[in-house]
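Residue numbers (this note's numbering): 72 to 588.
See below:
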């Protein structure tokens with residue numbers, strides 16, 4: 072797509088190989104790592120709307136929601152304890168992703184996935200049998216540790232295993248499994264909430280053991296990536312593995328480039344300190360700003376209002392859970408659009424289109440919510456046509472996020488890092504993502520209570536800023552081999568000032584002759 076920051080990929084390398092059934096199955100299994108993250112997102116939102124759960128663990132919220140009719144709609148869920156239950160997971164994920172960097176680099180991507188699955192499994196067990204708030208929070212922290220390991224290793228694994236022509240689609244399998252996890256959790260919440268006796272929330276929380284077992288067993292049967300094998304010194308097995316995943320015997324050029332990148336990475340004693348070097352400024356900027364902006368799209372604001380609006384269409388008692396199911400379906404379908412188009416239309420096109428679409432929808436919904444809910448948060452009777460229009464725009468908004476910032480927020484950072492800083496940079500990416508998810512989850516309900524519908528305008532401003540950021544500063548990475556990514560920075564009108572032609576960015580062509588294989 073010709074635009075500011077775009078580059079021609081015509082002069083890049085074209086490694087031989089195709090999308091083999093082996094790689095397809097391997098990437099599908101690995102992408103299942105996203106299920107644990109998605110299931111948790113869906114479950115935690117659902118159980119906090121179940122009255123038996125609130126009555127047992129958060130009685131003050133239960134009273135405010137059901138007994139205090141004077142409570143402003145904006146403020147009924149404003150509870151720091153409830154917020155800590157939700158957001159403690161993200162703080163734990165932030166911390167564990169930093170540890171996961173070292174394990175991923177020294178012992179391989181598979182081991183990080185295994186740790187992630189096991190930690191998530193234990194956390195799910197504790198939550199399922201919880202009788203006190205502290206048990207819930209300990210369980211959430213263990214879930215967070217598991218998510219930190221999985222989110223650090225799975226996107227890297229997918230980017231390294233996939234042929235460069237199909238890297239985008241296969242990597243977005245991770246985001247697709249997140250959205251499937253959310254949808255499955257929402258459907259289960261809907262039915263578990265109907266269980267008489269009020270213990271359905273235990274099934275919802277304990278059910279997280281199923282996706283945990285999938286990624287745990289999957290990590291035991293998956294092969295490691297050729298990149299990781301070379302990084303750990305097993306070159307003969309790495310070359311055989313590369314031939315297997317590419318489906319051809321002639322892999323010498325790609326293999327030599329991977330070895331050259333590994334040799335360069337071995338010379339880097341402190342990858343964390345190395346990240347601060349001037350030549351890695353473009354990657355560091357993306358590792359910080361893309362996850363930062365992803366959390367400031369305002370997706371959680373939109374999702375919060377869905378229950379109130381859906382209830383006026385006719386989903387009375389189960390409105391919160393049914394609305395989550397409907398938006399979950401939209402989320403999954405739109406992610407499939409991204410899988411189809413990311414390697415055809417490019418990353419920039421999806422980012423820019425999604426940003427414009429989100430901005431328009433947020434402006435419409437902000438005006439509609441402001442007009443009806445006002446500053447007192449009591450909308451009175453909502454006409455059905457009004458609710459239908461706003462819900463439609465909510466679904467359009469969710470679809471825009473799901474084919475742009477949702478999947479690309481994980482894809483682009485995972486494919487732009489050179490091998491010598493890849494694990495450390497991916498940890499920065501996950502940590503920033505979890506830090507701002509934590510902060511927004513911690514303050515969102517309080518901000519909503521005080522800023523009211525103005526919060527929509529707050530997030531719309533950031534959507535505008537991030538769209539300009541993508542237009543001017545993100546080069547197109549479609550169709551570029553992962554170890555040849557340096558050319559996109561050296562050809563970019565802004566980032567080229569930081570990357571010299573003699574620098575080792577992601578390209579290895581300038582040193583191939585100096586390294587004996």
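For each residue, glycine too, the CB sits at the ideal point set by N, CA and C.
Give the DSSP-derived three-state secondary structure of residue 338 in the structure shown.
The residue labelled residue 338 in the question sits at position 267 within the chain shown. Of the three classes helix, strand and coil, the one that applies to residue 338 here is coil, per DSSP.
8 Å Cβ cutoff met for residue 265 and residue 569:
Your numbering for residue 265 matches position 194 in the chain shown. Your numbering for residue 569 matches position 498 in the chain shown. Contact: no.
Is there contact here, the segment 394–413 with the segment 497–512, by at least three beta-carbon pairs under 8 Å?
Flag = no, the segment 394–413 and the segment 497–512 do not touch.
Expressed to the nearest angstrom, what Euclidean distance is found between the alpha-carbon atoms of residue 269 and residue 484?
Within the chain shown, the letter at position 198 stands for residue 269. Within the chain shown, the letter at position 413 stands for residue 484. So the alpha carbons of these two residues sit roughly 43 Å apart.
Could you say which of 85, 93, 537, 543 lies nearest to residue 314 if we only look at CA atoms?
Stepping through the chain shown from its first residue, residue 314 is reached at position 243. Here the closest residue by C-alpha is 93.
Contact belief for residue 225 with residue 184 at Cβ below 8 Å, rounded distance in angstroms
Indexing the chain shown from 1 puts residue 225 at position 154. Indexing the chain shown from 1 puts residue 184 at position 113. Their Cβ separation, rounded to whole angstroms, is 6 Å, which keeps residue 225 and residue 184 in contact under 8 Å.
Just to confirm my understanding: we take residue 498, look at its own chain, exclude 5 residues before and 5 after, and list those with CB closer than 7 Å. What are they?
Taking the first residue of the chain shown as 1, we reach residue 498 at position 427. Excluding residues up to 5 positions away in sequence, 168, 169, 171, 172, 223 lie with their Cβ nearer than 7 Å to the Cβ of residue 498 in the same chain.
Beta-carbon spacing of residue 406, residue 478 below 8 Å
Position 335 of the chain shown holds residue 406. Position 407 of the chain shown holds residue 478. In this structure, residue 478 lies closer than 8 Å to residue 406 by Cβ.
On the criterion of 16 or more Cβ atoms from any shown chain inside 10 Å, does residue 298 qualify as buried, or is it exposed?
Start at 1 with the first residue of the chain shown, and residue 298 comes out as number 227. In the assembly as shown, residue 298 is a buried residue. Its beta-carbon has 16 or more other beta-carbons within 10 Å.
Which parts of the segment 188–264 are runs of the beta strand (DSSP E), unbroken and 3 residues or longer, counting only runs that do not cross its ends?
Runs of the beta strand (DSSP E) inside the segment 188–264: none found.
Under the three-state DSSP convention, the category residue 457 falls into:
Within the chain shown, the letter at position 386 stands for residue 457. Reduced to three states, the DSSP call for residue 457 is helix.
Under the three-state reduction of DSSP, which class applies to residue 547: helix, strand or coil?
Here the question's residue 547 lines up with position 476 in the chain shown. The three-state secondary structure of residue 547, taken from DSSP, is coil.
Residue 514 to residue 122 span [Cα, whole Å]:
By 1-based counting over the chain shown, the position of residue 514 is 443. By 1-based counting over the chain shown, the position of residue 122 is 51. Cα to Cα, residue 514 sits roughly 23 Å from residue 122.
What are the start and end residues of the alpha helix (DSSP H) that includes residue 96?
Walking along the chain shown from the start, residue 96 turns up at place 25. 92–102 is the span of the alpha helix (DSSP H), which, as asked, contains residue 96.
Which residue's Cα is closest to the Cα of residue 304: 324, 285, 337, 322?
What you label residue 304 is simply residue 233 of the chain shown in a count that begins at 1. Among 324, 285, 337, 322, the Cα nearest to that of residue 304 belongs to 337.
Sequence-distant residues of the same chain with beta carbon closer than 6 Å to residue 435, five excluded per side
As a working note, residue 435 is residue 364 in the chain shown. Here residue 435 has 464 as same chain residues with Cβ atoms under 6 Å from its own Cβ, once five neighbours each way along the sequence are excluded.
Secondary structure at residue 429, three-state DSSP: helix, strand or coil?
To locate residue 429, count along the chain shown from 1; it is residue 358. Looking at residue 429 - three-state DSSP - the assignment turns out to be helix.
Do you know whose CA, among 545, 437, 553, lies nearest residue 525's CA?
The sequence position of residue 525 within the chain shown is 454, counting from 1. Out of 545, 437, 553, 437 has the C-alpha closest to the C-alpha of residue 525.
Measure the CB-CB distance between residue 549 and residue 418 and report whether it falls below 8 Å.
Position 478 of the chain shown, counted from the first residue, corresponds to residue 549. Position 347 of the chain shown, counted from the first residue, corresponds to residue 418. Less than 8 Å separates the beta-carbon of residue 549 from that of residue 418.
Taking contact to mean at least 3 C-beta pairs separated by less than 8 Å, is the segment 117–134 in contact with the segment 94–105?
Result no; under three Cβ-Cβ pairs closer than 8 Å.
Between the beta-carbon of residue 260 and the beta-carbon of residue 431, is there less than 8 Å?
One-based indexing of the chain shown puts residue 260 at position 189. One-based indexing of the chain shown puts residue 431 at position 360. With a cutoff of 8 Å on beta-carbon distance, residue 260 and residue 431 are scored as not near each other.
Please tell me whether residue 373 and residue 428 are closer than 8 Å, where the distance is taken between their beta carbons.
Working through the chain shown from its first residue, we reach residue 373 at position 302. Working through the chain shown from its first residue, we reach residue 428 at position 357. 8 Å or more divides the Cβ of residue 373 from the Cβ of residue 428.
Could you tell me the alpha carbon to alpha carbon distance between residue 528 and residue 206, rounded to whole angstroms?
Counted from its first residue, the chain shown places residue 528 at position 457. Counted from its first residue, the chain shown places residue 206 at position 135. Here the C-alpha atom of residue 528 lies approximately 37 Å from the C-alpha atom of residue 206.
Same chain, Cβ closer than 7 Å to residue 320, neighbours up to 5 away in sequence not counted
As a working mapping, residue 320 is identified with position 249 in the chain shown. Answer for residue 320: 314, listed in chain order.
Compare the C-alpha of residue 508 against each of 370, 564, 521 and name the closest.
Your numbering for residue 508 matches position 437 in the chain shown. Answer by Cα proximity: 370.
Is the Cβ-Cβ distance between residue 154 and residue 231 less than 8 Å?
By 1-based counting over the chain shown, the position of residue 154 is 83. By 1-based counting over the chain shown, the position of residue 231 is 160. Taking a C-beta distance under 8 Å as the contact criterion, residue 154 and residue 231 do not qualify as a contact pair.
Option in 218, 347, 255, 471 with minimal Cα separation from residue 160
Stepping through the chain shown from its first residue, residue 160 is reached at position 89. Checked all of 218, 347, 255, 471; the closest Cα to residue 160 is 218.
Inter-residue CB distance, residue 88 and residue 317 (contact presumed, cutoff 8 Å):
As a position in the chain shown, residue 88 is number 17, starting the count at 1. As a position in the chain shown, residue 317 is number 246, starting the count at 1. Rounded, the Cβ-Cβ distance is 3 Å, consistent with contact.
Best match in 359, 212, 178 for proximity to residue 191 [C-alpha to C-alpha]
As a first step, residue 191 must be located in the chain shown, where it is residue number 120. Selected option, being the one with the closest Cα: 212.
Which term fits residue 124, buried or exposed, when burial requires 16 or more other beta carbons within 10 angstroms of its beta carbon?
For the purposes of this step, residue 124 is identified with residue 53 of the chain shown, where counting begins at 1. Per the 10 Å Cβ criterion, buried.
Which listed residue (309, 308, 119, 348) has its alpha carbon closest to that of residue 271
Within the chain shown, the letter at position 200 stands for residue 271. The residue among 309, 308, 119, 348 with its C-alpha nearest the C-alpha of residue 271 is 119.
Expressed to the nearest angstrom, what Euclidean distance is found between the alpha-carbon atoms of residue 90 and residue 439?
On the chain shown, residue 90 is found 19 positions in, with the first residue counted as 1. On the chain shown, residue 439 is found 368 positions in, with the first residue counted as 1. Each residue's alpha carbon lies about 47 Å from the other.
Using 10 angstroms around the beta-carbon of residue 323, count the other beta-carbons present and answer buried if the total reaches 16, otherwise exposed.
Position 252 of the chain shown holds residue 323. Answer is exposed; the Cβ neighbour count stays below 16.
In this structure, does DSSP put residue 464 in helix, strand or coil?
Numbered from its first residue, the chain shown carries residue 464 at position 393. In the structure shown, residue 464 sits in a helix (DSSP, three-state: H, G or I).
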